[in-house]
Amino acid sequence: MDITIDDDQKMLRETAMAFAQEAMTADAIRALEGSEHGFDAKVWRKMAEMGWAGAVFPEEYGGAGTGLLELALIVEALGQGAVPSPIYSTVVEAGLLLLDAGSPAQRDSYLPRIASGEAILTTAIAEPSGGLSPAGIRTRITPAGNGFTINGTKLFVRDAGAAEAIICLGRTGDNETDLTLLVVPRDTPGLKIRRLQAAGGEALWEVVFDDVNVDADAVVGEVGGAWSHVARLLLRGAAMKSAELVGIGQASLDLTLNYAKTRVQFDRPIGSFQGVHHHCAEMYRDLEVSRLLAWQAAAALGDGMAGDRETFIAKAKTSEAIQAVTRTAHQIHGAIGFYRDYPLELYYHRAIAAAAAYGDAGHHRRALARMLRENLGRFRGESSHELPVHYV
Amino acid sequence: MDLKFTAEEAAFRDEVRAFLRREITPAVWEAHRDLAEQGMWTAEFTKAFRRKLGAAGYIGMGWPKEYGGGGRSRVYQAIFWDEMEYHRAPGLDRAITYIPNALMALGSEAQKAEFLPRIIRGELSWFVGYSEPEAGSDLANVKVRAVEDGDHFVVTGQKAFSSDAHMADYGWVLTRSDSASSKHRGLSMFIIDMKSPGITITKYPTLAGWTHHAVHFDQVRVPRSMLVGEVHQGWKTVMGAIDFERAALSSPGLVSYQFDRLLAWCTKEREGGRLIDDPLVQDELVRLAIEAEGAKVMSYWLACLHAKGLRPQHETSLALLVKRETARRLDVSGLELLGPFAPLRHGSPWAPLEGEVEVEYRDHLYFQFAAGGFDITRNVVATRGLGLPR
Ligand SMILES: Cc1cc2nc3c(=O)[nH]c(=O)nc-3n(C[C@H](O)[C@H](O)[C@H](O)COP(=O)(O)OP(=O)(O)OC[C@H]3O[C@@H](n4cnc5c(N)ncnc54)[C@H](O)[C@@H]3O)c2cc1C
Chain S
1 MDITIDDDQK MLRETAMAFA QEAMTADAIR ALEGSEHGFD AKVWRKMAEM
51 GWAGAVFPEE YGGAGTGLLE LALIVEALGQ GAVPSPIYST VVEAGLLLLD
101 AGSPAQRDSY LPRIASGEAI LTTAIAEPSG GLSPAGIRTR ITPAGNGFTI
151 NGTKLFVRDA GAAEAIICLG RTGDNETDLT LLVVPRDTPG LKIRRLQAAG
201 GEALWEVVFD DVNVDADAVV GEVGGAWSHV ARLLLRGAAM KSAELVGIGQ
251 ASLDLTLNYA KTRVQFDRPI GSFQGVHHHC AEMYRDLEVS RLLAWQAAAA
301 LGDGMAGDRE TFIAKAKTSE AIQAVTRTAH QIHGAIGFYR DYPLELYYHR
351 AIAAAAAYGD AGHHRRALAR MLRENLGRFR GESSHELPVH YV
Chain B
1 MDLKFTAEEA AFRDEVRAFL RREITPAVWE AHRDLAEQGM WTAEFTKAFR
51 RKLGAAGYIG MGWPKEYGGG GRSRVYQAIF WDEMEYHRAP GLDRAITYIP
101 NALMALGSEA QKAEFLPRII RGELSWFVGY SEPEAGSDLA NVKVRAVEDG
151 DHFVVTGQKA FSSDAHMADY GWVLTRSDSA SSKHRGLSMF IIDMKSPGIT
201 ITKYPTLAGW THHAVHFDQV RVPRSMLVGE VHQGWKTVMG AIDFERAALS
251 SPGLVSYQFD RLLAWCTKER EGGRLIDDPL VQDELVRLAI EAEGAKVMSY
301 WLACLHAKGL RPQHETSLAL LVKRETARRL DVSGLELLGP FAPLRHGSPW
351 APLEGEVEVE YRDHLYFQFA AGGFDITRNV VATRGLGLPR
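Now the structure itself:
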């Protein structure tokens, strides 16, 4: 066992942190929030040059073949620097989905260009039903000619405005998980997109499919066999958002410590008051536990373990804890933090968005509760203990 | 990062588990609990069991070879402590957790030669004499005096809240050796033989139902060779020792045990069905499981940092805080999940889980203020860990 990051990972983390701090000014970040794409293409290209767009893909696709923990360290840094990027849509979602389930042709055509930063792709999963469960998927995929027709409305689609293709999940049969994934070029007739007004730095879109036709070779994986891939995608997304939340929490704590050491009231820095000490210690406690749980989730998914228990725990914990951290940060800043041009606001908004992404705390607790009912032993995880004294 | 135990670590864990299941059976528990002491293990059994741990090689497993240790990584030690706590085995106290670490780091060569071999065999019990009636959180306020007299020091005064003093062979005692200098300067640390003339022990019942002690020193002569560290430099010594103490107290075994026990209770068939089928109960159990996982990961993370040769400091306080706060949450939820049975004590035929939850709810109360209680730990984390001004 070694629950620490190794020297290479540490170096990657430091590089990513340094980059994320330098990449963009707070004003530039803020200016992007209303913009169509929501991220700066030049910054994304630089990240790709550093190898981050391709990090998790095998060398044959121009990647470095690293694990998910490395990706988690990168998104943590981006969270800490509040740097928006298409890394979720393109790498965490579409890229890894294609790597898992794509046909050789699909992989060859997209993965090398994703790794080099040229191609932006995304996935369209969630719907107005709001949930992330298969039962909520209403979008219909019907056979038509040599291919399929798609009808339905998708929500929370990341970076749809910049994507060259959208991988869409729809229903091909009546069984709950009779679901299929199709790659749809963004300029296909009948596909309409609309930017959603939402907190946080990501560009989220509504995507409407109105009699959109695609060929048979658009299928990713097998017809009717999509759900296991989507479930994996959602887990990866949740683990990565947990890591991003840690970055958001770290930035909030750093700003707070800095402020508490310099802001003088009653002739003393406010950071010398015990009430403030205790608030900060609480933030730090929640942050460190969150960090370890987030790393654990990423490592478990990356190591080929099921990783679901670890991910549910991480996302449930970080979604609540880091939002609390940002609220306490504001408590200590007082009025100044309430102003739009003080950087704390960035993190307050991002925590709202990240906590909601890929399942909020309640969603993941519900998943854990299901595990609890169905499989007590797994629920205890490593400790396949027997109770020492017999009670039951 | 590797979340899984190595094959050797897993084998070691299984071996420890098998050892504990063999040694700590329900029959053994029944035979050696002291009912007058709220069902704690008797002092005799605790001492005998510690020798067994010594004979099995568990005590010094993580010590360097030069001190007769097994030289194994701290991960093994963490596994051992985790399992000991989980099985609620006796003997996992200062005598084998942090006193030896403190001795190795701070003791003289003669002291190491005298005590470490006996500690590793599980022969010694200790009491830690820091607290006094006027020196709790404000530990530098100690008043027990040590007066130099040739090659001895003469110790006089009273220590308070002295755990296990009744069974101790030695005391690890902080004294004031120079009352003229400032509060933190004039302190000295001694190892005191509890058979020395002039020592008396007073008993006080606690609200957890067991007996605690105070130790009185009346002109007790302590050889100079039993001074730990340098004279008047006791503050440095005690601060070093306390870091080891906090690391030792953060083991997650208790929390896992509490959780598993609660789960067992909730799956039991009751009048209207199983508690675990109630959504509110599920939500509470899930929240507890999340906290318990946090405590576990943080504790093993600490062990891994140690195993890498790093020296975590405020992280240690943090891990202690996380473990103890989680244990308290489990205490509170546990009592609530027992419903009308909550107040029934051991001995009542209807007491659920042998009355353990009710005892622990009272017993763990001291987590909130003793040995780096919640608020003091937050102070340490804020000032030492986060660099906030005092
Ligand atoms: C079961 C048990 C076992 C113990 N075993 C030992 C032992 O073996 N050896 C030994 O030496 N001692 C032992 N102690 C004593 C223990 O170390 C003390 O309880 C501890 O140091 C706190 O001191 P106090 O109880 O006098 O509380 P006080 O210091 O009087 O504090 C009272 C309350 O005020 C809070 N407080 C005090 N100062 C501050 C501050 N600066 N900021 C914020 N809050 C503050 C404390 O957190 C606490 O809640 C034991 C205690 C218990 C209950």
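Here the protein sequences come in this chain order: S and B.
In this text, residue positions in the first sequence follow our numbering: the first is 1, and each later residue adds one.
In this text, residue positions in the second sequence follow our numbering: the first is 1, and each later residue adds one.
Here a beta-carbon is modelled for each residue, glycine too, at the ideal position from N, C-alpha and C.
* Is the beta carbon of Ala303 of chain B less than 7 Å from the beta carbon of Val75 of chain B? -> It is a contact, given that the beta carbons lie within the stated cut-off.
* To do: Just mark Pro93 of chain S as buried or exposed, buried being the case when its beta carbon has 16 or more other beta carbons within 10 Å.
  => Going by the sequence as given, residue 93 of chain S is Glu instead of Pro. Glu93 of chain S comes out buried.
* Report the rounded CA-to-CA distance for Gly54 of chain B versus Thr200 of chain B, giving the unit in angstroms. => So the two alpha carbons sit approximately 29 Å from each other.
* Asked: Once you ignore the five residues that flank Leu338 of chain B on each side, which residues in its own chain have a CB closer than 7 Å to its CB?
  -> Excluding positions up to five away in sequence, the list reads Pro352 and Val357.
* Entirely within the stretch 177-239 of chain B and at least 3 residues each: give me those beta strand (DSSP E) ranges in chain order. => As far as the stretch 177-239 of chain B is concerned, its whole beta strand (DSSP E) runs of at least 3 residues are 187-193, 199-205 and 211-223.
* Taking 6 Å as the line, does the beta carbon of Ala399 of chain B fall inside it for any heavy atom of ligand 1? -> Nothing in the structure corresponds to residue 399 of chain B, since chain B is present only between 1 and 390.
* Asked: In terms of residues, what are the limits of the beta strand (DSSP E) holding Trp126 of chain B?
  -> Here the beta strand (DSSP E) through Trp126 of chain B covers Trp126 to Gly129.
* Asked: Across which residues does DSSP place Gly152 of chain S in a beta bridge pair?
  -> Beta-bridge analysis with DSSP links Gly152 of chain S to S:Phe209.
* Simplified DSSP assignment, three categories, for Met24 of chain S -> In this structure, Met24 of chain S counts as coil in the three-state DSSP scheme.
* What is the DSSP secondary structure of Trp52 of chain S, reduced to helix, strand or coil? -> If DSSP states are grouped into helix, strand and coil, Trp52 of chain S belongs with coil.
* Could one say the Cβ of His277 of chain S lies closer than 7 Å to chain B's Cβ atoms, at least one of them? -> Interface residue (Cβ-Cβ distance to chain B less than 7 Å): His277 of chain S is classified as such.
* Distance cut-off 6 Å: Tyr130 of chain B Cβ against heavy atoms of ligand 1 -> Taking 6 Å as the cut-off, the C-beta of Tyr130 of chain B counts as close to a heavy atom of ligand 1.
* To do: Would you mind working out which of S:Glu70, S:Leu71, S:Ala55 and S:Ala72 sits nearest Ala64 of chain S, comparing C-alpha positions?
  => The shortest Cα separation from Ala64 of chain S among S:Glu70, S:Leu71, S:Ala55 and S:Ala72 belongs to S:Ala55.
* Asked: By how many angstroms is the C-alpha of Gln38 of chain B removed from the C-alpha of Leu262 of chain B?
  -> In a straight line, the C-alpha of Leu262 of chain B is about 20 Å away from that of Gln38 of chain B.
* Identify the residues that DSSP records as bridge partners of Gly170 of chain S: which are they? -> Answer is S:Thr180, bridged to Gly170 of chain S.
* According to DSSP, is Met305 of chain S helix, strand or coil? -> Coil at Met305 of chain S, not helix or strand.
* Asked: From this set, B:Arg94, B:Arg176 and B:Ser299, which residue's C-alpha is nearest Gly416 of chain B's C-alpha?
  -> In the structure as shown, chain B begins at 1 and stops at 390. Residue 416 of chain B is therefore absent and cannot be evaluated.
* Asked: For Gly224 of chain S versus Gly173 of chain S, is the C-beta spacing smaller than 7 Å?
  -> Yes, the Cβ-Cβ distance between Gly224 of chain S and Gly173 of chain S is below 7 Å.
* Asked: Just checking, does the stretch 106-119 of chain S make contact with the stretch 275-293 of chain S on the three C-beta pairs under 8 Å criterion?
  -> Contact fails: fewer than three Cβ-Cβ distances are below 8 Å.
* Cα-Cα separation between Pro26 of chain B and Lys268 of chain B, rounded to whole angstroms -> Put simply, the backbone Cα of Pro26 of chain B is about 20 Å away from that of Lys268 of chain B.
* Gln158 of chain B, enclosing beta strand (DSSP E) - first and last residue -> Here the beta strand (DSSP E) through Gln158 of chain B covers His152 to Lys159.
* **Residue environment, Gln233 of chain B, which counts as buried when at least 16 other CB atoms sit within 10 Å** => Flag for Gln233 of chain B reads buried.
* Asked: In chain order, what residues of the same chain have a beta carbon less than 7 Å from the beta carbon of Glu354 of chain B, not counting five sequence neighbours either side?
  -> These residues qualify, in order along the chain: His346.
* To do: Can you tell me the Cβ-Cβ gap for Gly201 of chain S and Ala82 of chain S, rounded? I've got them flagged as a contact below 8 Å.
  => The Cβ separation is near 6 Å, so the contact holds.
* Using the rule of at least 16 other Cβ atoms within 10 Å of the residue's Cβ for burial, across every protein chain shown, is Ala247 of chain B buried or exposed? -> Sixteen is the threshold: when 16 or more other Cβ atoms of the shown chains lie within 10 Å of the Cβ of Ala247 of chain B, as they do, the residue is buried.
* **Ala144 of chain S - containing alpha helix (DSSP H), residue span** => Taken as a continuous stretch (DSSP letters only), Ala144 of chain S belongs to no alpha helix (DSSP H), being part of the beta strand (DSSP E) at Arg140 to Ala144.
* Closest by CA to Ala298 of chain S, which one among S:Leu71, S:Glu14 and S:Trp44? -> Per the Cα distances, S:Leu71.
* Asked: Between Asp2 of chain B and chain S, is there a C-beta pair that is closer than 7 Å?
  -> Interface annotation, Asp2 of chain B: in contact with chain S, CB-CB separation under 7 Å.
* **In chain order, each alpha helix (DSSP H) run of at least 4 residues that lies wholly inside the stretch 278-338 of chain B** => When DSSP assignments are scanned along the stretch 278-338 of chain B, the uninterrupted stretches of alpha helix (DSSP H) that are 4 or more residues long and fall wholly within it turn out to be 279-307 and 314-338.
* To do: Would you kindly report the start and end of the unbroken beta strand (DSSP E) that includes Leu121 of chain S?
  => It spans Leu121 to Ala124 - the beta strand (DSSP E) in which Leu121 of chain S sits, taken as one unbroken run.
* Excluding the 5 residues preceding and the 5 following Ala216 of chain S in the sequence, name in chain order all residues of the same chain whose CB lies nearer than 7 Å to its CB. => Short of 7 Å from the beta carbon of Ala216 of chain S, and not among the five residues preceding or following it, lie these beta carbons of its own chain, in chain order: Asn146 and Gly147.
* **Contacting residues, own chain, Cβ-Cβ under 7 Å from Leu12 of chain S (five flanking each side not counted)** => Contacts found: Glu70 and Leu73.
* Classify Leu35 of chain B as helix, strand or coil using the three-state DSSP reduction. => Leu35 of chain B: helix per DSSP, three-state reduction.
* Report whether the distance from the Cβ of Asp331 of chain B to the nearest heavy atom of ligand 1 is below 6 Å. => For Asp331 of chain B, the distance from the CB to the nearest heavy atom of ligand 1 is not below 6 Å.
* **Within 8 Å of chain B by C-beta, residues of the stretch 146-180 of chain S in sequence order** => Residues of the stretch 146-180 of chain S with a Cβ closer than 8 Å to any Cβ of chain B: none.
* With Met305 of chain S and Tyr300 of chain B assumed to form a contact (beta carbons below 8 Å), what rounded beta-carbon distance in angstroms separates them? -> Not quite, the Cβ-Cβ distance comes to about 16 Å (not below 8 Å), so this is no contact.
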